[in-house]
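Chains A and B, in that order, are what the protein sequence lines are. For the first sequence, the numbering used here gives the first residue as 274, with consecutive numbering after it. For the second sequence, the numbering used here gives the first residue as 274, with consecutive numbering after it. Even glycine gets a Cβ: it sits at the ideal position worked out from N, Cα and C.
Number of protein chains: 2
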Amino acid sequence: MNNEFINKWISQLKKGTLSFLVLSILKDEKEYYGYDLINEIKKRTAIEIAEGTLYPLMNRLKDENLVVSKWVEQSSGIPRKYYNITASGIDTVVEMTKYWNNINKTINSI
Amino acid sequence: MNNEFINKWISQLKKGTLSFLVLSILKDEKEYYGYDLINEIKKRTAIEIAEGTLYPLMNRLKDENLVVSKWVEQSSGIPRKYYNITASGIDTVVEMTKYWNNINKTINSI
DNA sequence: AACAAATACATAGTATAACAAAGTATATAT
DNA sequence: ATATATACTTTGTTATACTATGTATTTGTT
Chain A
274 MNNEFINKWI SQLKKGTLSF LVLSILKDEK EYYGYDLINE IKKRTAIEIA
324 EGTLYPLMNR LKDENLVVSK WVEQSSGIPR KYYNITASGI DTVVEMTKYW
374 NNINKTINSI
Chain B
274 MNNEFINKWI SQLKKGTLSF LVLSILKDEK EYYGYDLINE IKKRTAIEIA
324 EGTLYPLMNR LKDENLVVSK WVEQSSGIPR KYYNITASGI DTVVEMTKYW
374 NNINKTINSI
């Protein structure tokens, strides 16, 4: 099989899919920290996200005011940076969902 | 609304989606030329593909032996380069569909 | 006690693909 | 004559995922 091509394709597909996934999850469940998001997405979708992908992604979402973050000290261990979606983030993910569903409808109709 | 962000997102989402869409359409309907694919996809999905996006994309698919092309002279007008999907292209789009459906299932379950 | 692995975040450099813009060429409509 | 539609191509820019590396703490293993 052409696995190398598929792997490159998966990497490209993530550009766009990941921000949509993260915002969708945060819209639904409010509170996540980065490291946990990586594991949660892996558990739910088998999509592996490199740490070097997720942390810069979260910073971009924050720069765009789609999420906010707060540091939370732990009684034991390293502090976690928790993310919450904003009102603007919810509006954005609603728009994304429309676009996604439109593409999906077409794919399924082929 | 945060339209600028959405527009950038749509552009990123196309990285991966377009090759999947093109291969899916070719799998279903065999024969298309580039210019026609742009219009067909626009008609079906409202996704606008720049010419500077589609033609290099088709060349990549050809380099990967997922499609083959042939020039067809027209009785009037400019010659068209027609594309057909290969056996390897069909295998690839089947794999892509599995991955896509997996993501989609997750999105819908949120 | 020493070391590996897991947790948790961050950043620099590389590769990929969409896009805008420009170009070539033919045919048709104004 | 000029603009628009058809049809393909190429160059330079931009955005984002990935690899690799780094910091720091806690837990499990030998």
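| Check | Outcome |
| --- | --- |
| State buried or exposed for B:Ile-314, treating a residue as buried only when at least 16 other CB atoms are found within 10 Å of its CB. | buried |
| Report the residue from A:Glu-346, A:Glu-324, A:Lys-288 and A:Asn-332 whose alpha carbon sits nearest the alpha carbon of A:Tyr-308. | A:Glu-324 |
| For B:Ser-382, tell me which candidate among A:Ile-298, A:Glu-277, A:Gly-289 and A:Asn-377 has the shortest Cα-Cα distance. | A:Ile-298 |
| Identify the continuous alpha helix (DSSP H) that holds A:Asn-312 and give its terminal residues. | 307-318 |
| What does a CB cutoff of less than 8 Å around B:Tyr-385 pick up in its chain, not counting 5 residues either side in sequence? | This structure cannot settle anything about residue 385 of chain B, because the visible part of chain B is limited to 274 through 383. |
| Starting from the beta carbon of B:Met-369, find every residue of chain A whose beta carbon is closer than 8 Å, and list them in chain order. | Ile-279 and Trp-282 |
| Identify which residue in B:Glu-321, B:Ser-348, B:Ile-376 and B:Tyr-328 has its Cα closest to the Cα of B:Val-340. | B:Tyr-328 |
| Taking 7 Å as the limit between beta carbons, can you name the residues of its chain near A:Thr-365, skipping five residues before and five after? | Leu-296 and Leu-339 |
| So, for B:Trp-282: in the same chain, excluding its five sequence neighbours on each side, which residues have a beta-carbon less than 8 Å away from its beta-carbon? | none |
| CA-CA distance, A:Leu-291 and A:Gly-362? | 14 Å |
| Answer yes or no: do B:Glu-368 and A:Ile-376 have a C-beta to C-beta separation smaller than 8 Å? | no |
| Do B:Thr-379 and A:Thr-318 have their C-beta atoms closer together than 8 Å? | yes |
| Looking only at its own chain, which residues have a Cβ that is under 6 Å from the Cβ of A:Ile-311, when we skip the five neighbours before and after it? | Ile-322 and Leu-327 |
| Judging by CA-CA distance, which residue of A:Leu-294, A:Ser-348 and A:Arg-353 is the nearest neighbour of A:Ile-320? | A:Leu-294 |
| Look at A:Gly-350 and B:Lys-288 and say whether their C-beta atoms are less than 8 Å apart. | no |
| Using only alpha-carbon positions, find the residue among A:Asn-276, A:Ser-284, A:Lys-303 and A:Tyr-372 that is nearest to A:Lys-343. | A:Lys-303 |
| Mind checking which residues open and close the beta strand (DSSP E) that includes A:Asn-374? | Element bounds for A:Asn-374: not the beta strand (DSSP E) but the alpha helix (DSSP H), 360-382. |
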